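Chains as they are written, first to last, in our numbering: chain A, 3 to 114; chain B, 11 to 121.
Note sheet for the following structure.
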Amino acid sequence: EAQVTQNPRYLITVTGKKLTVTCSQNMNHEYMSWYRQDPGLGLRQIYYSMNVEVTDKGDVPEGYKVSRKEKRNFPLILESPSPNQTSLYFCASSPGFSYEQYFGPGTRLTVT
Amino acid sequence: GEDVEQSLFLSVREGDSSVINCTYTDSSSTYLYWYKQEPGAGLQLLTYIFSNMDMKQDQRLTVLLNKKDKHLSLRIADTQTGDSAIYFCAEKGNSGYALNFGKGTSLLVTP
């Protein structure tokens, strides 16, 4: 089944403890992206990647890192999480420019 | 990114039509999308329209695009309780990969 998977789905952590949210797609898509969704703010793009080893900042990249060493994986790294990074995170992938984006199920992160 | 605006809430009765409106500011938008998010789930693409079209119909869904006014609407005919969800309007400009999303419209369908 074609899908985008994220792990974990739920995470509660403390300020400053490094964490990684994994994202994997099995559709051989070139484009992958991370969004965060906050009440009243909609979805905002954090980082995106147009191919292996090619990443770029979205609208709200501060406090996040990403890597794209393999086509299928696009992990989101929070080196030192802070409470303002408490949010619902979505990974998405797409076969190319202007194509439909397929979204993962979301990761709900709480930073205390 | 450019602004995409939607009303936040809409309530309709089952069987009525729903119309969700969206405005955007980027005149170079090439594709406009409607995504649906059900509670606890990710976003699912409902439909999209190219900027050189003014209408697209897909079963119960009708998308209208007024490019001059930068206004997009989604009409759901014969709305059902299963249509209750958050609906996001999104646009993609002429360059880059990013989608600009609106804040989402929560549609509540009452029996």
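Each residue gets a CB set at the ideal place from its N, CA and C atoms; glycine is no exception.
Note that the structure is predicted; figures quoted are calculated from it, not measured.
Neighbour flag for residue i against chain B, beta carbons, 9 Å
i: A:S84; result: no
i: A:Q47; result: yes
i: A:Y66; result: no
i: A:S69; result: no
i: A:S26; result: no
i: A:L13; result: no
i: A:G18; result: no
i: A:L43; result: yes
i: A:V6; result: yes
Assigned secondary structure, residue i (DSSP; H/G/I helix, E/B strand, else coil)
i: B:G112; result: coil
i: A:G44; result: strand
i: B:T33; result: strand
i: A:T88; result: coil
i: A:T15; result: strand
i: B:T40; result: coil
i: A:T114; result: coil
i: B:I91; result: In the sequence as displayed, the identity of residue 91 of chain B is Thr instead of Ile. Helix at B:T91.
i: A:Y33; result: strand
i: B:S61; result: coil
Bridge partners - residue i, DSSP secondary structure assignment
i: A:S26; result: A:T7 and A:N75
i: A:E62; result: As written in the sequence, residue 62 of chain A is Val, which differs from the Glu given in the question. Answer is none; A:V62 lacks a bridge partner.
i: A:Q57; result: Residue identity differs from the one stated: residue 57 of chain A is Thr in this sequence, not Gln. DSSP lists A:S51 as partners of A:T57.
i: B:K66; result: B:V73
i: B:H81; result: B:T33 and B:N76
i: A:R70; result: Note: A:R70 sits in no beta bridge, so no partner.
i: B:S27; result: The partner list for B:S27 (beta bridge, DSSP) is empty, contrary to what the question assumes.
i: B:K102; result: B:Y41 and B:L109
C-beta neighbour in chain A for residue i, strict 9 Å
i: B:A95; result: no
i: B:Q54; result: yes
i: B:Y43; result: yes
i: B:K77; result: no
i: B:Y34; result: no
| task | Please determine if the region 77 to 87 of chain B and the region 70 to 82 of chain A are in contact, where contact requires at least 3 C-beta pairs separated by less than 8 Å. | result | no
| query | What residues in the region 87 to 110 of chain A have a beta carbon less than 7 Å from any beta carbon of chain B? | reply | F92, F99, S100, E102, Q103, F105, G106, P107 and G108
| Three or more C-beta pairs below 8 Å linking the region 90 to 106 of chain A and the region 61 to 75 of chain B | no
| request: Report yes or no: do three or more beta-carbon pairs, one from the region 32 to 51 of chain B and one from the region 89 to 101 of chain B, lie closer than 8 Å? | output: yes
| query | Is the region 9 to 20 of chain A in contact with the region 102 to 112 of chain A, if contact means three or more CB pairs nearer than 8 Å? | reply | yes
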